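Below you'll find the structure, written out as structure tokens, and then a few comments.
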Amino acid sequence: RWLFRRMPAADQRLNMLFSATLSYRVRELAFEQMNNAEYVEVEPEQKTGHRIKEELFYPSNEEKMRLLQTLIEEEWPDRAIIFANTKHRCEDIWGHLAADGHRVGLLTGDVAQKKRLRILDDFTKGNLDILVATDVAARGLHIPSVTHVFNYDLPDDCEDYVHRIGRTGRAGASGHSISLACEEYAL
Numbered sequence: 004r005w006l007f008r009r010m011p012a013a014d015q016r017l018n019m020l021f022s023a024t025l026s027y028r029v030r031e032l033a034f035e036q037m038n039n040a041e042y043v044e045v046e047p048e049q050k051t052g053h054r055i056k057e058e059l060f061y062p063s064n065e066e067k068m069r070l071l072q073t074l075i076e077e078e079w080p081d082r083a084i085i086f087a088n089t090k091h092r093c094e095d096i097w098g099h100l101a102a103d104g105h106r107v108g109l110l111t112g113d114v115a116q117k118k119r120l121r122i123l124d125d126f127t128k129g130n131l132d133i134l135v136a137t138d139v140a141a142r143g144l145h146i147p148s149v150t151h152v153f154n155y156d157l158p159d160d161c162e163d164y165v166h167r168i169g170r171t172g173r174a175g176a177s178g179h180s181i182s183l184a185c186e187e188y189a190l
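For the sequence shown, this note's numbering assigns the number 4 to the initial residue and increments by one for each residue that follows.
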């Protein structure tokens, strides 16, 4: 609203809004500020990519880290993103994997923009094999050749799940999504 108040009048400007997802609040704001607003929704034939193999494991909370480490060693992904719901959980995962000798980066909302760009560049170039991230990396980033997505924590809603696993299986490539549903999320 602050930006709209500083723009020319609605009849003297062209407003266009594009988004992979559009929350109710943003949609309401758009209709409030636009003349003859139209909402166009393009639905894919299926919500998740058909080239993405999806697996679900049910470890206990205490077994999750060991299972993740085992899966990484068994799968040995070329390039993987591990999602967790909090920065503290991401830091914990990052610490375990770095201690195991993995080339791993950490991406949370607290990471400064300049450092975030450097981490993404290192991951894209293959200097890092694993990226541990909150949902800050789930949307709007195109990182080529991500072979695996691990959901260490299950996301809060289906839309976030689709965005997370959508980091793999892009541009005609196949991908693998592995989710860990401990008692915190499965019960």
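Even glycine gets a Cβ: it sits at the ideal position worked out from N, Cα and C.
In this text, all values refer to a predicted model and were calculated from it rather than measured experimentally.
**Request:** Between the Cα of leucine 134 and those of Ala83, Arg119, Asn38, Ala174, spot the shortest distance and give me the residue it belongs to.
**Result:** As a first step, residue 134 is located in the sequence shown; it is residue number 131 there, counting from the start. Ranking the options by Cα distance to leucine 134, first place goes to Ala83.
**Prompt:** When we look at the beta-carbon of cysteine 185 and count the other beta-carbons within 10 Å, is it buried (16 or more) or exposed?
**Reply:** Along the sequence shown, read from residue 1 onward, the residue named residue 185 stands at position 182. Cysteine 185 should be labelled buried.
**Alpha-carbon to alpha-carbon, aspartate 125 and leucine 100** = Within the sequence shown, the letter at position 97 stands for residue 100. Within the sequence shown, the letter at position 122 stands for residue 125. Spanning the two alpha carbons is a distance of roughly 17 Å.
**Prompt:** For glycine 112 versus valine 152, is the C-beta spacing smaller than 8 Å?
**Reply:** By 1-based counting over the sequence shown, the position of residue 112 is 109. By 1-based counting over the sequence shown, the position of residue 152 is 149. Their beta carbons are not under 8 Å apart, which means glycine 112 does not touch valine 152 by this criterion.
**Asked** Can you check whether the CB of leucine 144 is closer than 8 Å to the CB of lysine 67?
**Response** In the sequence shown, the residue the question calls residue 67 occupies position 64. In the sequence shown, the residue the question calls residue 144 occupies position 141. Not a contact, by the Cβ cut-off of 8 Å.
**Item:** Pair within 8 Å by beta-carbon distance, aspartate 14 and phenylalanine 86
**Value:** Residue mapping note: residue 14 aligns to position 11 of the sequence shown, counting from 1. Residue mapping note: residue 86 aligns to position 83 of the sequence shown, counting from 1. Result no, Cβ atoms of aspartate 14 and phenylalanine 86 do not sit closer than 8 Å.
**Asked** Alpha carbon to alpha carbon, how far is leucine 123 from alanine 33?
**Response** Sequence index remark: in the sequence shown, residue 123 carries index 120 (1-based). Sequence index remark: in the sequence shown, residue 33 carries index 30 (1-based). If I take the Cα positions, the gap works out to 32 Å.
**Reduced DSSP category for alanine 13 - H, G, I as helix; E, B as strand; rest coil** = Within the sequence shown, numbered from 1, the residue matching residue 13 stands at position 10. Of the three classes helix, strand and coil, the one that applies to alanine 13 here is helix, per DSSP.
**Asked** Does the distance from the CB of leucine 110 to the CB of arginine 121 come in under 8 Å?
**Response** Taking the sequence shown and counting its residues from 1, one reaches residue 110 at position 107. Taking the sequence shown and counting its residues from 1, one reaches residue 121 at position 118. When the beta-carbon positions are compared, leucine 110 and arginine 121 stay at least 8 Å from each other.
**Request:** Assign glycine 178 to one of three DSSP states: helix, strand, or coil.
**Result:** Reading the sequence shown from its first residue, position 175 is the one you call residue 178. Note: glycine 178 maps to strand in three-state DSSP.
**Message:** Let's see if you can read the secondary structure: which residues bound the beta strand (DSSP E) around histidine 105?
**Reply:** Sequence index remark: in the sequence shown, residue 105 carries index 102 (1-based). No beta strand (DSSP E) holds histidine 105; DSSP gives it neither H nor E.
**Prompt:** When burial is assigned at 16 or more other CB atoms within 10 Å of the CB, is glycine 104 buried or exposed?
**Reply:** Position 101 of the sequence shown, counted from the first residue, corresponds to residue 104. It is exposed - the Cβ of glycine 104 has fewer than 16 other Cβ atoms within 10 Å.
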